[in-house]
Amino acid sequence: RKEVEQDPGPFNVPEGATVAFNCTYSNSASQSFFWYRQDCRKEPKLLMSVYSSGNEDGRFTAQLNRASQYISLLIRDSKLSDSATYLCVVRSGGYQKVTFGTGTKLQVIP
Amino acid sequence: GAVVSQHPSRVICKSGTSVKIECRSLDFQATTMFWYRQFPKKSLMLMATSNEGSKATYEQGVEKDKFLINHASLTLSTLTVTSAHPEDSSFYICSGGGLTDTQYFGPGTRLTVL
């Protein structure tokens, strides 16, 4: 089983739609969780951290379920500019080593 | 957020030559930096963890003699691809963290080996 797993997609959604991505992780001792966004041929950029209580940033909502070992990202009112690959990132251990999921590709269609 | 720079952004070289990529943290000190490789349409794969003042820790399957990592200061890590071959052509990205868990990524270096 991979350490971090994501549905690669692509998810093709119309503008204005709501879309959700899930990510599962295998290490129950994982400590920190993040969603990154990566545009084509660019480096990943932090979208948001994921907290146990869940957190929201504008149209984006992230949630963590430690019991089931998954995190989710919800995007409301999708924009064309949201088209990108969304990477689930999990940090484990006493230092900052992180593990990436394979990414979920989102394409928002006009 | 914190800034990480990489140089060069793009390099084309002949097979058999060595290429050095620099990764600098511009506004924070990084005792640990990470080097990733990303092939087209694939996920980032961690190659090695670069530790300031000590040897790098390589992931399984990554040849330490081929990918030389030096982390001589708290703001600079270098990756040297020795005797590069076409299969080494890839997008190489470094990252570093400051005082928080967040990783900040360099803009990447696109290596093409002819």
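As they're listed, the protein sequences go chains A and B.
Residue numbering for the first sequence follows the numbering used here, starting at 1 and increasing by one per position.
Residue numbering for the second sequence follows the numbering used here, starting at 111 and increasing by one per position.
Cβ coordinates follow ideal geometry from the N, Cα and C atoms, glycine included.
Small disclaimer: the values here were computed from a predicted structure and weren't measured.
Within chain B, the residues that residue i reaches when beta carbons sit closer than 9 Å
i, result
"A/Phe21", "By Cβ distance, chain B contributes nothing, its closest Cβ being about 14 Å from A/Phe21, past 9 Å."
Residue i, DSSP secondary structure in three states
i, result
"B/Glu132", "strand"
"A/Asp57", "strand"
"A/Ser30", "coil"
"B/Leu184", "coil"
"B/Ser160", "strand"
"B/Pro217", "coil"
Any C-beta of chain E under 8 Å from that of residue i
i, result
"B/Gly216", "No chain E appears in the structure shown, which is made up of the protein chains A and B."
Cross-chain neighbours of residue i in chain A, by beta carbon under 9 Å
i, result
"B/Gln213", "Phe34, Tyr36, Pro44, Leu46, Val89, Arg91, Gln96 and Val98"
Rounded distance between the beta-carbons of residue j and residue i, thought under 8 Å
i, j, result
"B/Ser119", "B/Gly206", "Going by Cβ atoms, the distance from B/Ser119 to B/Gly206 rounds to 17 Å, so no, they are not a contact pair."
"B/Ile203", "B/Gln148", "6 Å"
"B/Val191", "B/Ser128", "7 Å"
"A/Glu64", "A/Ala84", "The amino acid occupying residue 64 of chain A in the given sequence is Leu; Glu does not appear at that position. At roughly 21 Å, the Cβ-Cβ gap does not stay under 8 Å, so A/Leu64 and A/Ala84 are not in contact."
Amino acids of chain A, ordered along the chain, whose beta-carbon sits closer than 8 Å to that of residue i
i, result
"B/Ile203", "Glu43 and Pro44"
Contact set between residue i and chain B, taken where Cβ atoms lie within less than 8 Å
i, result
"A/Thr102", "Lys152 and Ser153"
Any non-hydrogen atom of the ligand HEM within 7 Å of residue i CB
i, result
"B/Thr141", "This structure lacks the ligand HEM, and indeed carries no ligand of any kind."
N- and C-terminal bounds of the beta strand (DSSP E) containing residue i
i, result
"B/Gly207", "Ser200 to Gly207"
Exercise. Scan the stretch 43-68 of chain A for residues whose Cβ lies nearer than 9 Å to a Cβ of chain B and list them as they occur along the chain.
Key: Glu43, Pro44, Lys45, Leu46 and Ser49
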